[in-house]
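Listed in order, the protein sequences are those of chains A and B. In terms of our numbering, the first sequence is residues 5 to 239. In terms of our numbering, the second sequence is residues -11 to 259. Structure record follows, encoded as structure tokens.
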Amino acid sequence: MGRRAAVILALAALSSAGAGAQQPAASSRDISGFWALTADGKKVPDARLLPRVTRAMLDLHKRRDVHALRWCNPVGVPLMMDSGTPIEIRQGPTSIIVLNENSLVPRYMYLNRKHVSADIYDPSTIGDSVATWDGETLVVDTVGFHPTHGVTSIPGGGFRTDKTHLTERYRLLKNGEVLSVVFTWTDPTVFAAPHTYEFRYRRLPPAYEPLNEWPCDPYDETRANFLGDPAPFGK
Amino acid sequence: MTIHHPNRPIALAAATVICGWFVAGAVHAAAQTKSESLTGVERLEGDWVRVDSSGSGDFGGLTSKFTPASLTPSGAAAMAEGARAAAVARGPAFAENTRHDRGQPYIVVSRPCGAGPFGGGVLGTNPDSGAIHFVVSKDAIVLAPERGGARRIYMDGRKHPDLRTWTPTGSGHSVGRIENGELVAETVGIVPGVVTAGGWRTPETHLTERFVVSPDAKHLTIKYRWDDPLIYQKPHEYQYEFDRLPEGSYALEYWCDASDPEEQQSVTPLQ
């Protein structure tokens, strides 16, 4: 994939939008904390999609997304990184876990190890994420996405498939009060060029207490009627 | 407490399978920090699976060997009322448990994947056969059971919240400290429910857990102690045993689609 291009794009975004950013604090290699994403924290350009990606394909994924939400399926990446509630990140010596208040399924990033062999990895909505520190930046590389499970649509356009590769670059800004995450998606069946966008999360107070229940009930008829479940489609 | 679920055998099998898979997978994980190199409470970091340490055949058999809880009269009454209320609340979730003709398919769980029983990280205080994953960060330790939810043990010195304003959750509110290199967690605020070996809990019930990692970091014992003078005549204690999964293991995603009719039916058991 175009990792170099992603780096360049990420640096460009940081230099243009983060002119006032201060040097990270000494603990800049620990992104643990509670993080909130607000409307002014998202810079998402339109994705450049391949001609083969038709409106019908995009609509199918949107319908699947509604189905996944309606039936309380694990949503996975990318939605859990922007699902309307704060995310919690906890970084340990060998792994990082990302928790979302309204999702039952956490996301794992494994530090300093290689991807699990594709021969045995069970594709998932979160994929197989491995992470390494590159200076002050945590680089997270994810493959192994399930092509249909969860919410597959990607911000800015397109969708993930089993051929999708995601690179994320996490970096603390403003003395650790802001977490920048630059997402770069590539997929030879979806994108004409690497699709890069940036989220900037604001750190919540350390004493923040997250909701700890899963508020999704597929048998809530009022909710189900509101969401609907579009026409059947092949699973 | 034993949590029954139609996919439980799958989770157990999966845990067993990944043990086997990643003995080989560990070969490719040379750069990863080894659990043996961790110190203190960080040795909890990683992936664990509960084991039947006494050859009981299943966890039900295992827990039947625990010393039963000594309930007070009010505790026994609370447990009976709680069980009755739970059955009402559960409604049609578990459709039938009556006998059927051999080979006759029937719906075992009519509302799978619903809001529970794994919400709120309840498996974090009572792990079942699914693997459980520990992430030890500076200010909190997260326990993530493979079949959903997460539990936090805050290590930043915070106090428990006022239970009058706290909404009880499956795993309650936990704060931890380190004693002799071991994690000790104190928990309150758990939703009412059954406790292993004949116990009961309310949000006011106090759970103390001690997490003991073996010197080789391959084995974990969690010692549970439930205190509540309204429920127990004496503290209710038992312990669970866990083995560490091989280096390179990863968390399987628990997938349950409530819209899938296959989730509602079970292979007809022998009658």
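Note that beta-carbon positions come from the ideal geometry of N, C-alpha and C, so glycine has one too.
Looking from the CA of V176 of chain B, the closest CA among B:V183, B:A185, B:G187, B:T193 belongs to B:T193. The C-beta of W75 of chain A comes closer than 7 Å to at least one C-beta of chain B.
Listed by position along chain B, the residues whose Cβ is nearer than 8 Å to that of P209 of chain A form an empty set, because the closest Cβ is around 11 Å away. The contact set of H169 of chain A on chain B, defined by CB atoms closer than 8 Å, is empty, because the minimum CB distance reaches about 18 Å. Across the structure, K222 of chain B and A228 of chain A are spaced so that their CA atoms are roughly 47 Å apart. Under the three-state reduction of DSSP output, L218 of chain B falls in the coil class, being neither helix nor strand. Shortest Cα-Cα distance from S125 of chain B to any of A:T98, A:N104, A:H119, A:V185 involves A:T98. Here V48 of chain A carries a coil assignment [DSSP, helix/strand/coil]. At least one beta carbon of chain B lies nearer than 7 Å to the beta carbon of V120 of chain A. Residue environment: W188 of chain B is assigned as buried (16 or more neighbouring CB atoms within 10 Å of its CB, all protein chains considered). Here the alpha carbon of F203 of chain A sits roughly 56 Å from the alpha carbon of P61 of chain B.
By the criterion of a C-beta distance shorter than 7 Å, P90 of chain A is surrounded in its chain by F38, W39, A40, E105, L208, P214, once the five residues flanking it on both sides are discounted. The C-beta separation of S31 of chain A from G139 of chain A comes to about 14 Å, leaving the pair out of contact by the 8 Å criterion. In the DSSP secondary-structure assignment, K211 of chain B is bridged to B:R198, B:Q227. Counting only residues of its own chain and dropping the five nearest sequence neighbours on each side, A72 of chain A has a CB closer than 7 Å to the CB of V79, G154, V155. A residue is called buried when at least 16 other Cβ atoms come within 10 angstroms of its Cβ; Y238 of chain B meets this threshold and is buried. Pairing S159 of chain B with V110 of chain B gives a Cβ-Cβ distance under 7 Å. The three-state secondary structure of D145 of chain A, taken from DSSP, is strand. Relative to the Cα of Y205 of chain A, the nearest Cα in the group A:R74, A:G88, A:D126, A:K66 belongs to A:G88.
Here the C-alpha atom of G118 of chain B lies approximately 44 Å from the C-alpha atom of P55 of chain A.
In this structure, the CA atom of V143 of chain A is about 22 Å from the CA atom of G162 of chain A. Cβ-Cβ separation between L83 of chain A and I100 of chain A: approximately 19 Å, too far for a contact (criterion under 8 Å).
Apart from the 5 residues on each side of it in sequence, D215 of chain B sits with its Cβ closer than 6 Å to the Cβ of H194, P223 in its chain, given in chain order. Apart from sequence neighbours up to five positions away, the residues of its chain that approach I141 of chain B with a beta-carbon distance below 6 Å are I129, S162, G164, A173, ordered along the chain.
Within the segment 123 to 146 of chain A, those residues whose Cβ lies closer than 8 Å to any Cβ of chain B are, in chain order, I124, Y125, D126, S128, T129, I130, D132.
Residue range 169 to 177 is occupied by the beta strand (DSSP E) that includes R175 of chain A.
Annotation for N229 of chain A: the continuous alpha helix (DSSP H) segment containing it runs 225 to 231. The three-state reading of DSSP puts V79 of chain A in coil, since its state is none of H, G, I, E or B. Spatial neighbours of P180 of chain B in its own chain (CB-CB distance under 6 Å, excluding positions within 5 residues in sequence) are listed in chain order as G70, T190. Judged by their CB atoms, Q227 of chain B and K206 of chain B are not nearer to each other than the 7 Å cut-off. In the DSSP annotation of this structure, the continuous segment of the alpha helix (DSSP H) that includes F47 of chain B starts and ends at 47 to 51.
Taking 7 Å as the cut-off, the beta carbon of R52 of chain A is found closer than this to the beta carbon of A196 of chain A. In the structure shown, A211 of chain A falls within a coil segment according to DSSP collapsed to helix, strand and coil.
With 16 or more other Cβ atoms inside 10 Å of its own Cβ, G148 of chain A counts as buried.
Under the Cβ criterion of 7 Å, R164 of chain A is not counted among the residues facing chain B. Counting other Cβ atoms within 10 Å of its Cβ, R33 of chain A stays below 16 and is therefore classed as exposed.
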